[in-house]
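First up is the structure itself, then whatever we jot down about it.
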Amino acid sequence: MKQSKDIVKDFQIEQFQHDLISWFETEQRILPWRQDQDPYKVWVSEIMLQQTRVDTVIPYFNNFIEKFPTIVDLAYAPEDDVLKAWEGLGYYSRARNLQAAVREVHEQYGGKVPHTPDEISKLKGVGPYTTGAILSIAYGVPQPAVDGNVMRVLSRILSIWDDIAKPKTRKVFEEVVHEIISKDSPSFFNQGLMELGAIVCTPTSPSCLLCPVREHCRAFEQGVQQELPVKSKKKPPRAVQIAAAVVTDEQGNFLIHKRPNKGLLANLWEFPNVEVDLTIGTEQTQLTSFVEADYDTEVVLDPPFTVIQHVFSHIVWNINVYKGVLTGNIANRDDLKLVSVKEIEEYAFPVSHQKILKEYHKIT
DNA sequence: TAGACGTGGGC
DNA sequence: TGCCCAAGTCT
């Protein structure tokens, strides 16, 4: 592996900084989290932007800040409210970690976001990228903030051929950024690198002719910008068969269940469902047995009225959706509720189960 | 280290 | 349609 000193050899650092920052000053997009440098807002935006597009984040960010304008507001909010504000954004542990970290800041740091790498990176959900982003953007500290954009842009500019899918590769880029980051304007340097990756130096067809740092780009010089970055393929998701039931009582209330506080879609609400194992028995039998045993009640299920496929990054759910009627009382537990069609809107559901409800409404 | 962890959009 | 992606972190 090459040393960062060698990679940066003969690179016109100061000219590059100037060209990048000047471009960012005039061409940056107007975004809600760029209206001020409130560390809390920078923090919230950076968490939301993890693996998520800017256009997707904008409405969620505005709504989230309206509901939880300050660290104190978020710290004292019910977790269900926070998850409801996150509903549809994905990677829900981000929301729960953010609230836990905000509580930590409120209790341990008097409500002020700390401004050292050690303290910030200890907060839940704050890794090396977000640490650098908060430090540079909110506090002007020259700390690398290496995300996918930065690795793509710098792999091209500096002709770095390490596989960016490997965790250790991020360290290579962090070392490089340490060498070339502007000490005068680390915020605009880091954001400029990311902005460039988002709107000019894009993955499949980079707009090199519009690029403000084209003169510095080794990949462009050699015509290999399409070959970079090197990124190995991910494994395809595994298929899982699910049987779910929309169960209602005599009043038309829906039976819903809160998922466990760890793992996939933690603490979100859902319709009763089981992972099917066809070697045990029929799907309908397994679903009925599960609901009756686990919820201590009785149900009668009709055959499936729809099939839903939902693709996660690592799993594919194939869901057969049954319609059912509750014929007994349900166990008195916090993770089990009977709610009206109106009340159900107050609960945070994963998109897969929103699809189930939508299909149910079509047939009723 | 590699897998878990979501979703919607682009081509 | 299917695949890849988008401002990563945790275990």
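The first sequence begins at 952 in this note's numbering and counts up by one. Beta carbons are placed, not taken as given, at the ideal position from N, Cα and C, and that holds for glycine.
Considering only N1224, P1010 and T1082, the residue with the shortest C-alpha distance to P1068 is T1082. Its Cα nearest to that of V1251, the residue T1278 stands out among T1278, K956 and R1284. Counting only residues of its own chain and dropping the five nearest sequence neighbours on each side, V1197 has a CB closer than 6 Å to the CB of F1222, K1274 and Y1311. Taking 3 residues as the minimum length, the beta strand (DSSP E) runs contained wholly in the stretch 1157-1217 are 1189-1199 and 1205-1209, in order along the chain. Between Y1080 and E1297, the alpha-carbon positions lie close to 33 Å from each other. When DSSP states are grouped into helix, strand and coil, I964 belongs to the helix group.
In the DSSP assignment, V1053 forms no beta bridge with any residue. C-alpha of V1128 to C-alpha of N1014: approximately 34 Å in a straight line.
In this structure, F1241 and V1262 do not form a Cβ contact; the two beta carbons are roughly 24 Å apart against a cut-off of 8 Å. Put simply, of F1300, F1140, K1075 and I1266 the residue whose alpha carbon is nearest the alpha carbon of P1187 is I1266. L1086 is not a Cβ neighbour of I1108, given a cutoff of 8 Å. Residue pairing by DSSP places D1114 opposite V1181 in a beta bridge. Beyond the five residues adjoining it in sequence on each side, R1189 comes within less than 8 Å, by CB distance, of H1265, I1266 and V1267 in the same chain, given in chain order. Inclusion of I1111 and I964 in the CB contact set at 8 Å is not warranted, their separation being larger than that value. Here S1133 is buried, its C-beta having at least 16 other C-beta atoms within 10 Å.
DSSP, read as helix, strand or coil, puts T1257 in strand. A residue is called buried when at least 16 other Cβ atoms come within 10 angstroms of its Cβ; V1175 does not meet this threshold and is exposed. Just measuring C-alpha positions, the residue of L1105, L1289 and S1291 sitting nearest G1148 is L1105. Cβ contact annotation for E1234 (same chain, cutoff 7 Å, sequence separation greater than five): A1194, V1227 and N1271, in chain order. Judged by DSSP secondary structure, L1025 falls within the alpha helix (DSSP H) whose first and last residues are I1022 to Y1027.
DSSP, reduced to helix, strand and coil, places Y1042 outside both helices and strands of the structure shown, so it counts as coil.
The criterion of a C-beta distance shorter than 8 Å is not satisfied by I1088 and H1057.
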